[in-house]
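Q: Encoded as structure tokens, here's the structure I'll be asking about.
Protein chains: 2
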Amino acid sequence: MSAEDMVKSRIMIIGATGNLGHHLATAALRSSHPTFALVRPSSFSDAVKSRTLATLSDAGLVIIKGSLEDEASLLEALRRVDVVICALPAKQALDQKLLIQAIKKVGSIKKFIPSEFGSDPDKAHVSSMSYGFYTRKSEIRRVIEAEAIPYTIISCNFYMSYLLHSLVQPGLMVPPRDEVTVFGNGNIRGVFVKESDVAAFTINAVDDPRTLNKVVYLRPPGNVYSMNELIEIWESKIGNKLKKKYKSEEELLAKIKETPYPDNMPFIFIYSTFIKGDQTYFEIEESGGLDGLTLYPNLAYTTISEYLDTLV
Amino acid sequence: MSAEDMVKSRIMIIGATGNLGHHLATAALRSSHPTFALVRPSSFSDAVKSRTLATLSDAGLVIIKGSLEDEASLLEALRRVDVVICALPAKQALDQKLLIQAIKKVGSIKKFIPSEFGSDPDKAHVSSMSYGFYTRKSEIRRVIEAEAIPYTIISCNFYMSYLLHSLVQPGLMVPPRDEVTVFGNGNIRGVFVKESDVAAFTINAVDDPRTLNKVVYLRPPGNVYSMNELIEIWESKIGNKLKKKYKSEEELLAKIKETPYPDNMPFIFIYSTFIKGDQTYFEIEESGGLDGLTLYPNLAYTTISEYLDTLV
């Protein structure tokens, strides 16, 4: 059976009013999946969330009232769909535990895509200093494995809305035009992918049997650069060279230590990505993962250069 | 000295990227106050918050890096301004304690407008069932009084972005066109004020000596209606009568009890407002408060009818 012949799975999205979630809902509807969203009743009292839901609802989204704390609502919702995608704030990762138990109980869910995204938590060198950011996600992986829930994990690395708008200069609102700080030697590569593109890759993976129980990594060409490369791209756009200041690994670690949580999180992510190379130090295939670009070579996406064009 | 002769106070806003906060910053800048925002460094890593700050910065906002947990940054920031306005999420109300100690220590702040807004927490009949929503705000009032910090409190009642978009029907995204639920007898009045109008009233109160150590209540004509009146206004706009279903006080209390927190909060606020009358049961002057409309009769604001026009 070719992919074209397949019946499109019914997808339920949890967190559909959020940053990634509303792109997931839009992408699922565009791909003609019957698309559902589990929405907690209190979301309807907020005009902004309600407007998002109304727009998605007009596009065909079916709203199911329920919450991750209410098992009865979860069981009822799960009986109406084939695939569950979770897109929660990272702090709430552990709130997926009851959902996983409910998926186990119902037994009919073909695939669970947990609220992970970001970088691979099992590959990060900064787990112990991340205030649970990565350990919570790893813990959810272990629960999924222990319960033998069919899954796909999307490792999309950085969202484009994080850090890139300042050219990875915490504290700046726009990219610098005179002086720039380089962390480490500036040669380690990180990855930035636009949220709507992450959503499109994710929805493509839903009914793809190749992705069953696999981690799909996103490293699109044009979206994987070192700090030195990012600076060079930016310099060519503004027609001006920046003065480079270097911050060593030791200085960055000191900065992380002296800055209170959560304000030090951006520096922790920079340390992980541009010093330790957590987003790119491993070969995808060797690690047992799949490359999203190899799976879906024809998917259009926004490159870093295109994104930076909007900031010139 | 007339109000026109006064030098405009330097205002610092805490929470300037938030729902009310960015309106406060805009209103302060429009009124030609030297305007500052205390911004935690991690806010700059978020493209949305950064864009808000960049826009406000273009309009003249001065950004001071710091946080409510860092006393040194608070003391330094407080020495640069005359007035502090806090606009935090309700859950974070107690995070103002260190700020209040710092205001006390610096000794030069002419006025503190705490993160209260909403309904008067000392007047609410639902404090004990509000999961700390009102008790935290009352606690902050007591700390301010105990430390003898000069203050003004703005009691603006409901924001227009809360509940009104569905005509006070939790679970609906837009106002109903066939059937509507009335809570209680439908004759108790509540108040809805648009966030940008709340901000304008607040900024007017900053340098007004009449508001020193007072609570300013907002009950603008055209913004104070019972559920029956709201329904009547909506019916006249859509040219159609709605079928009314009534939910008694007992039924509403049962609903609050059976619905898990935080999804029951909208029902608690409805109970407080449209059954107990917490926003309107008391006379403003008798309670020792000031009426924002009496203070600033010429301020333009959006009425409920004008808001509902946008939903027809």
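Heads up: the protein sequence lines correspond to chains A and B, in order.
Position one of the first sequence corresponds to residue -17 (the working numbering), numbered consecutively onward.
Position one of the second sequence corresponds to residue -17 (the working numbering), numbered consecutively onward.
A virtual CB, placed ideally from N, CA and C, is assigned to each residue, including glycine.
Leaving aside the five residues before and after Ile238 (chain B) along the sequence, list all residues of the same chain whose C-beta is less than 8 Å from its C-beta, in chain order.
A: Translated into the one-based positions of the second sequence, residue 238 (chain B) becomes position 256. Around Ile238 (chain B): Met111, Asn246, Phe249, Ile250, Tyr253.
Q: Could you pull out every residue in the same chain whose Cβ sits closer than 8 Å to the Cβ of Phe264 (chain B), ignoring the five residues on either side in sequence?
A: For the purposes of this step, residue 264 (chain B) is identified with residue 282 of the second sequence, where counting begins at 1. So the qualifying residues of the chain are Lys105.
Q: Pick helix, strand or coil for Ser110 (chain B), following the three-state DSSP scheme.
A: Here residue 110 (chain B) refers to the residue found at position 128 when the second sequence is read from its first residue. In this structure, Ser110 (chain B) counts as helix in the three-state DSSP scheme.
Q: Per the contact definition of three or more C-beta pairs closer than 8 Å, is the region 124 to 142 of chain A in contact with the region 155 to 170 of chain A?
A: At 8 Å Cβ cutoff, the stretches do not touch.
Q: Under the three-state reduction of DSSP, which class applies to Ala75 (chain A): helix, strand or coil?
A: By one-based count along the first sequence, residue 75 (chain A) stands at place 93. DSSP places Ala75 (chain A) in helix when its eight states are reduced to three.
Q: Using the three-state DSSP reduction, which class does Val150 (chain B) fall into: helix, strand or coil?
A: Position 168 of the second sequence holds residue 150 (chain B). In this structure, Val150 (chain B) counts as coil in the three-state DSSP scheme.
Q: Taking the alpha-carbon positions, what's the Leu145 (chain A) to Glu121 (chain A) distance?
A: As a position in the first sequence, residue 145 (chain A) is number 163, starting the count at 1. As a position in the first sequence, residue 121 (chain A) is number 139, starting the count at 1. For Leu145 (chain A) and Glu121 (chain A), the distance between alpha carbons rounds to 26 Å.
Q: Rounded to whole angstroms, what's the CA-CA distance from Leu275 (chain B) to Arg62 (chain A)? Just pull it up for me.
A: Working through the second sequence from its first residue, we reach residue 275 (chain B) at position 293. Working through the first sequence from its first residue, we reach residue 62 (chain A) at position 80. One C-alpha to the other measures close to 52 Å.
Q: Should Leu2 (chain B) be flagged as near chain A, meaning a C-beta pair shorter than 9 Å?
A: Residue mapping note: residue 2 (chain B) aligns to position 20 of the second sequence, counting from 1. No, Leu2 (chain B) lies away from the interface with chain A (no Cβ there is under 9 Å from its Cβ).
Q: Could you say which of B:Ala29, B:Arg192, B:Ala187 lies nearest to Val66 (chain B) if we only look at CA atoms?
A: By one-based count along the second sequence, residue 66 (chain B) stands at place 84. That would be B:Ala187, whose Cα lies nearest to the Cα of Val66 (chain B).
Q: Ordered along the chain, which non-local residues of its own chain (more than five positions away) have a Cβ less than 7 Å from that of Ala7 (chain A)?
A: For the purposes of this step, residue 7 (chain A) is identified with residue 25 of the first sequence, where counting begins at 1. Answer for Ala7 (chain A): Ile(-5), Ala(-2), Thr17, Ala19, Leu38, Leu43, listed in chain order.
Q: Strictly by DSSP, which residues pair up with Ile250 (chain A)?
A: On the first sequence, position 268 is the one that residue 250 (chain A) refers to. Answer by DSSP bridge pairing: none, since Ile250 (chain A) is not bridged.
Q: Classify Arg201 (chain B) as helix, strand or coil using the three-state DSSP reduction.
A: By 1-based counting over the second sequence, the position of residue 201 (chain B) is 219. Arg201 (chain B): coil per DSSP, three-state reduction.
Q: In its own chain, which residues sit with a C-beta less than 8 Å from the C-beta of Glu51 (chain B), not counting the 5 before and 5 after it?
A: As a first step, residue 51 (chain B) must be located in the second sequence, where it is residue number 69. For Glu51 (chain B), where only same-chain residues beyond five positions count, the Cβ hits under 8 Å are Asp77, Leu80.
Q: Does the separation of the CB atoms of Ser143 (chain B) and Val156 (chain B) fall below 9 Å?
A: The count along the second sequence starts at 1 and reaches residue 143 (chain B) at position 161. The count along the second sequence starts at 1 and reaches residue 156 (chain B) at position 174. No, the Cβ-Cβ distance between Ser143 (chain B) and Val156 (chain B) is not below 9 Å.
Q: On a Cα-Cα basis, can you pick out the residue from A:Ile257, A:Ala84, A:Tyr141, A:Val21 that is closest to Ile126 (chain A)?
A: For the purposes of this step, residue 126 (chain A) is taken as residue 144 along the first sequence, with counting starting at 1. Nearest of A:Ile257, A:Ala84, A:Tyr141, A:Val21 to Ile126 (chain A), Cα basis: A:Ala84.
Q: Applying the 10 Å Cβ sphere with the 16-neighbour rule, what's the burial state of Thr285 (chain B)?
A: What you label residue 285 (chain B) is simply residue 303 of the second sequence in a count that begins at 1. So Thr285 (chain B) ends up on the buried side.
Q: Using CA coordinates, which residue listed in A:Gly168, A:Ser14, A:Gly48 is at the minimum distance from Tyr228 (chain A)?
A: What you label residue 228 (chain A) is simply residue 246 of the first sequence in a count that begins at 1. Of the candidates A:Gly168, A:Ser14, A:Gly48, the one whose C-alpha sits nearest the C-alpha of Tyr228 (chain A) is A:Gly168.
Q: Could you tell me which uninterrupted alpha helix (DSSP H) segments, each at least 4 residues in length, are contained entirely in the region 244 to 291 of chain A, listed from first to last along the chain?
A: Within the region 244 to 291 of chain A, the complete alpha helix (DSSP H) runs of at least 4 residues are 247 to 252, 274 to 277, 286 to 291.
Q: Note down the Cα distance separating Thr34 (chain B) from Asn1 (chain B), rounded to an integer number of angstroms.
A: Walking along the second sequence from the start, residue 34 (chain B) turns up at place 52. Walking along the second sequence from the start, residue 1 (chain B) turns up at place 19. Near 11 Å, if we compare the C-alpha coordinates of Asn1 (chain B) and Thr34 (chain B).
Q: With H, G and I counted as helix, E and B as strand and the rest as coil, what does DSSP make of Ile170 (chain B)?
A: Sequence index remark: in the second sequence, residue 170 (chain B) carries index 188 (1-based). Reduced to three states, the DSSP call for Ile170 (chain B) is coil.
Q: Could you give the distance in angstroms between the alpha-carbon of Val150 (chain B) and the alpha-carbon of Gly172 (chain B)?
A: Against the second sequence, residue 150 (chain B) aligns to sequence position 168. Against the second sequence, residue 172 (chain B) aligns to sequence position 190. Between Val150 (chain B) and Gly172 (chain B), the C-alpha separation is close to 11 Å.
Q: For Gly270 (chain A), tell me which candidate among A:Val197, A:Lys219, A:Leu235 has the shortest Cα-Cα distance.
A: Residue mapping note: residue 270 (chain A) aligns to position 288 of the first sequence, counting from 1. The shortest C-alpha separation from Gly270 (chain A) is found at A:Val197.
Q: Give me the residue from A:Thr262, A:Lys176, A:Lys223, A:Ser25 with the minimum Cα distance to Asp102 (chain A).
A: By one-based count along the first sequence, residue 102 (chain A) stands at place 120. Taking only the C-alpha atoms, the option nearest Asp102 (chain A) is A:Thr262.
Q: Can you tell me whether DSSP reads Phe26 (chain A) as helix, strand or coil?
A: Counting from one through the first sequence, the residue named residue 26 (chain A) turns up at place 44. Three-state result, Phe26 (chain A): helix.
Q: With DSSP run on the structure shown, which of helix, strand or coil describes Ile67 (chain B)?
A: What you label residue 67 (chain B) is simply residue 85 of the second sequence in a count that begins at 1. Strand at Ile67 (chain B).
Q: Between A:Lys226, A:His15, A:Ser218, A:Asp40, which has its C-alpha nearest Ser287 (chain A)'s C-alpha?
A: Within the first sequence, residue 287 (chain A) is the residue found at index 305, counting from 1. Cα-wise, what sits closest to Ser287 (chain A) is A:Ser218.
Q: Short of 8 Å Cβ to Cβ, which residues in the region 47 to 77 of chain B face chain A?
A: Listed by position, the residues of the region 47 to 77 of chain B near chain A (Cβ gap below 8 Å) are Lys47, Ser49, Glu51, Asp52.
Q: Closer than 7 Å by beta-carbon distance: list the chain A residues that pair up with Phe26 (chain B), in chain order.
A: Position 44 of the second sequence, counting from 1, holds the residue named residue 26 (chain B). Simply Ser148, Pro152, Gly153, Leu154, Met155.
Q: Relative to the alpha-carbon of Arg192 (chain A), which residue among A:Ala59, A:Tyr278, A:Phe26 has its alpha-carbon at the smallest distance?
A: As a position in the first sequence, residue 192 (chain A) is number 210, starting the count at 1. When only C-alpha atoms are compared, the closest one is A:Tyr278.
Q: Spatial neighbours of Lys225 (chain A) within its chain, please: CB distance less than 6 Å, with the 5 preceding and 5 following residues excluded, ordered by chain position.
A: Start at 1 with the first residue of the first sequence, and residue 225 (chain A) comes out as number 243. Excluding sequence neighbours, Lys225 (chain A) sits near Glu161.
Q: Who are the neighbours of Met247 (chain B) on chain A, taking C-beta pairs under 9 Å?
A: Residue 247 (chain B) sits at position 265 when you count from the first residue of the second sequence. Within chain A, the residues near Met247 (chain B) are Ser24, Ser27.
Q: Would you say Thr(-1) (chain A) lies against chain B (beta-carbon separation less than 9 Å)?
A: Start at 1 with the first residue of the first sequence, and residue -1 (chain A) comes out as number 17. Not an interface residue.
Q: For Pro244 (chain A), go through chain B and note every residue whose CB falls closer than 9 Å to its CB, in chain order.
A: Start at 1 with the first residue of the first sequence, and residue 244 (chain A) comes out as number 262. Neighbours of Pro244 (chain A) on chain B, chain order: Arg22, Ser24.
Q: Are the C-beta of Met(-17) (chain B) and some C-beta of chain A separated by less than 9 Å?
A: As a working note, residue -17 (chain B) is residue 1 in the second sequence. Low per-residue confidence applies at Met(-17) (chain B): pLDDT is 43, beneath 50, and the placement is therefore not dependable enough to give any value.
Q: Can you tell me whether Arg22 (chain A) is buried or exposed, with buried defined as 16 or more other CB within 10 angstroms of its CB?
A: Stepping through the first sequence from its first residue, residue 22 (chain A) is reached at position 40. Buried.
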